[in-house]
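This report refers to the structure that appears directly beneath it.
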Amino acid sequence: MRRLFLVAVLAAVPLFAASQEAPRPTRVVVQVSEADPARWNLVLNNVKNLQDDLGADKVTIEIVAYGPGIGMLKFDAPTNSRVSDAIKSGVAVQACENTMRNQKLVRADMHPGVSYVPAGVVQIIRRQQEGWAYLRP
Amino acid sequence: MRRLFLVAVLAAVPLFAASQEAPRPTRVVVQVSEADPARWNLVLNNVKNLQDDLGADKVTIEIVAYGPGIGMLKFDAPTNSRVSDAIKSGVAVQACENTMRNQKLVRADMHPGVSYVPAGVVQIIRRQQEGWAYLRP
Amino acid sequence: MRRLFLVAVLAAVPLFAASQEAPRPTRVVVQVSEADPARWNLVLNNVKNLQDDLGADKVTIEIVAYGPGIGMLKFDAPTNSRVSDAIKSGVAVQACENTMRNQKLVRADMHPGVSYVPAGVVQIIRRQQEGWAYLRP
Numbered sequence: 205m206r207r208l209f210l211v212a213v214l215a216a217v218p219l220f221a222a223s224q225e226a227p228r229p230t231r232v233v234v235q236v237s238e239a240d241p242a243r244w245n246l247v248l249n250n251v252k253n254l255q256d257d258l259g260a261d262k263v264t265i266e267i268v269a270y271g272p273g274i275g276m277l278k279f280d281a282p283t284n285s286r287v288s289d290a291i292k293s294g295v296a297v298q299a300c301e302n303t304m305r306n307q308k309l310v311r312a313d314m315h316p317g318v319s320y321v322p323a324g325v326v327q328i329i330r331r332q333q334e335g336w337a338y339l340r341p
Numbered sequence: 205m206r207r208l209f210l211v212a213v214l215a216a217v218p219l220f221a222a223s224q225e226a227p228r229p230t231r232v233v234v235q236v237s238e239a240d241p242a243r244w245n246l247v248l249n250n251v252k253n254l255q256d257d258l259g260a261d262k263v264t265i266e267i268v269a270y271g272p273g274i275g276m277l278k279f280d281a282p283t284n285s286r287v288s289d290a291i292k293s294g295v296a297v298q299a300c301e302n303t304m305r306n307q308k309l310v311r312a313d314m315h316p317g318v319s320y321v322p323a324g325v326v327q328i329i330r331r332q333q334e335g336w337a338y339l340r341p
Numbered sequence: 205m206r207r208l209f210l211v212a213v214l215a216a217v218p219l220f221a222a223s224q225e226a227p228r229p230t231r232v233v234v235q236v237s238e239a240d241p242a243r244w245n246l247v248l249n250n251v252k253n254l255q256d257d258l259g260a261d262k263v264t265i266e267i268v269a270y271g272p273g274i275g276m277l278k279f280d281a282p283t284n285s286r287v288s289d290a291i292k293s294g295v296a297v298q299a300c301e302n303t304m305r306n307q308k309l310v311r312a313d314m315h316p317g318v319s320y321v322p323a324g325v326v327q328i329i330r331r332q333q334e335g336w337a338y339l340r341p
């Protein structure tokens, strides 16, 4: 009988736990895959609006630049100071190493604050599988 | 013993409830973030195809225009009559107030049938978190 | 008492089953809706990177071409041999029949390896509802 009670309680626990969880934080992965500085500025505007509206501490944002979008993260990109601001505000800005290899870019060519992922596209898919929202400005 | 039975049944209820739920309605948030009338027409074609194929009463659609895409919702846009048709058919067509402020647009500049959201990008993310599909034509 | 035990165990089974399931396979629906061969090559690069990084047998990929993107799947598209390679590697490459009708295209105009969906945009939405990740390169 004690064992039976234990089984029943064990079965119930995950359900109660789920219903008492805190609201899931807002998490957004933002794709940059175009070579257009106007689009890069739009991305950075979007990120700022998300932070302003939701609170910078209540939203987790990753920018992933790959393919023709990698230019946004080069050290001499016209959006360079805005990328610095985004990083300072807590945004993870990630460059695709597959793209860098194809375009013969090395880390010295890039904005010093970025981080690196082996494949931008894999990162974007993985984040969606983990429940992140996807934004392709 | 009666209490034990109750615990076991309570544990089981949510599982049965989940399996008997009605199929979730199809809900789609459609992004417009480009200044290109050909793209606006593509968006409106996409919305119409969703309605034709799924049944206009079985799909809930929101169009969110922001950034360079806001032009689609100005009263003098070339897609104006098609936007009216979409609204008449039940689509919520939403303009981003952040973008309007940046571009010095007021409500008198806009298609009279649109509704307004404080930040288009926040709306798009929130809808995804609520389980809506995302379409970026 | 035996019946009670059964109820408790039945209640518990789905929970244990869920926690012991194999990790859900990665499934990705990739949208092509632009008339730009450079974008078509980016799509095909993205698909290849997903296969290389995740293992071609561990990721299920569908490419859906519609609207101005349908050109990628015409038999004389510049990306033709790469589309063949993608199909050989297990990618489902799908042309939108709505678009084909609008553009007066018939199956004889298309790459012989593609498959067909009645409405590309419905396919993209349905896949997201089934838990697939969405990629719009």
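Chains as they are written, first to last, in our numbering: chain A, 205 to 341; chain B, 205 to 341; chain C, 205 to 341. The beta carbon of each residue, even a glycine, is placed where N, CA and C say it ideally should be. Remember, predicted model here, so these are calculated numbers, not experimental data.
TODO: Consult DSSP for residue 238 of chain A and reduce its assignment to one of helix, strand or coil.
DONE: As a first step, residue 238 of chain A is located in the first sequence; it is residue number 34 there, counting from the start. Residue 238 of chain A: coil per DSSP, three-state reduction.
Open item on the list: Looking at residue 272 of chain B: is its Cβ nearer than 8 angstroms to the Cβ of residue 239 of chain B?
Closed with: On the second sequence, residue 272 of chain B is found 68 positions in, with the first residue counted as 1. On the second sequence, residue 239 of chain B is found 35 positions in, with the first residue counted as 1. It is a contact, given that the beta carbons lie within the stated cut-off.
Open item on the list: Which residues of the segment 298-324 of chain B have a Cβ closer than 7 angstroms to any Cβ of chain A? Give them in chain order.
Closed with: Cβ contacts with chain A come from 302, 322 and 323.
Task: 7 angstroms Cβ cut-off: residues of chain B touching residue 372 of chain A - done: Limits of chain A in this structure are 205 at one end and 341 at the other, which puts residue 372 of chain A out of reach.
- [ ] Report the residues of the segment 228-250 of chain A with a CB closer than 8 angstroms to any CB of chain B, ordered along the chain.
- [x] 228, 230, 232, 242, 246, 249 and 250
Open item on the list: Using the three-state DSSP reduction, which class does residue 251 of chain C fall into: helix, strand or coil?
Closed with: The residue given as residue 251 of chain C occupies position 47 in the third sequence. Residue state, collapsed to three classes: helix.
TODO: Report the neighbours of residue 326 of chain C on chain B: residues whose CB is nearer than 8 angstroms to its CB, in chain order.
DONE: Counted from its first residue, the third sequence places residue 326 of chain C at position 122. Chain B residues near residue 326 of chain C: 253, 254, 257 and 258.
TODO: Scan the segment 267-279 of chain B for residues whose Cβ lies nearer than 9 angstroms to a Cβ of chain A and list them as they occur along the chain.
DONE: Per Cβ criterion, the list reads 270, 271 and 272.
Open item on the list: Applying the 10 Å Cβ sphere with the 16-neighbour rule, what's the burial state of residue 292 of chain A?
Closed with: Taking the first sequence and counting its residues from 1, the one referred to as residue 292 of chain A is at position 88. Exposed: under 16 other Cβ atoms inside 10 Å.
- [ ] Put residue 283 of chain B into one of helix, strand or coil per three-state DSSP.
- [x] As a working note, residue 283 of chain B is residue 79 in the second sequence. Three-state DSSP puts residue 283 of chain B in coil, outside helix and strand.
- [ ] Along the alpha helix (DSSP H) that carries residue 334 of chain C, what are the first and last residues, could you check?
- [x] Here residue 334 of chain C corresponds to residue number 130 of the third sequence, with the count starting at 1. First-last for residue 334 of chain C: undefined, no H or E at that position.
Open item on the list: Within the continuous beta strand (DSSP E) that includes residue 310 of chain B, where are the two ends?
Closed with: As a working mapping, residue 310 of chain B is identified with position 106 in the second sequence. Residue 310 of chain B -> no beta strand (DSSP E), and no H or E assigned at all.
- [ ] Would you give the residue range spanned by the beta strand (DSSP E) that residue 267 of chain C belongs to?
- [x] Here residue 267 of chain C corresponds to residue number 63 of the third sequence, with the count starting at 1. Its beta strand (DSSP E) spans residues 263-269.
Open item on the list: Taking CB distances under 8 angstroms as the criterion, tell me whether residue 341 of chain C reaches chain A.
Closed with: As a working mapping, residue 341 of chain C is identified with position 137 in the third sequence. Chain A has a Cβ within less than 8 angstroms of the Cβ of residue 341 of chain C.
Open item on the list: Nearest by alpha-carbon distance to residue 315 of chain C: which of C:289, C:258 and C:252 is it?
Closed with: Within the third sequence, numbered from 1, the residue matching residue 315 of chain C stands at position 111. Closest option to residue 315 of chain C, Cα to Cα, is C:289.
Open item on the list: Just checking: is the beta-carbon of residue 290 of chain C within a distance shorter than 8 angstroms of some beta-carbon in chain A?
Closed with: Here residue 290 of chain C corresponds to residue number 86 of the third sequence, with the count starting at 1. Not closer than 8 angstroms to any Cβ of chain A, the Cβ of residue 290 of chain C fails to qualify, so no.
Task: Inter-residue spacing [alpha-carbon to alpha-carbon] between residue 317 of chain C and residue 247 of chain B - done: Locating residue 317 of chain C in the third sequence gives position 113, counting from the first residue. Locating residue 247 of chain B in the second sequence gives position 43, counting from the first residue. Residue 317 of chain C and residue 247 of chain B: Cα-Cα distance of roughly 28 angstroms.
TODO: Count the other C-beta atoms from every protein chain shown that fall within 10 angstroms of the C-beta of residue 252 of chain B, then say buried if there are 16 or more, exposed otherwise.
DONE: On the second sequence, residue 252 of chain B is found 48 positions in, with the first residue counted as 1. Buried: at least 16 other Cβ atoms inside 10 Å.
Open item on the list: For a contact defined as C-beta to C-beta under 7 angstroms, what are the partners of residue 337 of chain B on chain C?
Closed with: What you label residue 337 of chain B is simply residue 133 of the second sequence in a count that begins at 1. Those are 329, 332 and 333, listed as they occur along chain C.
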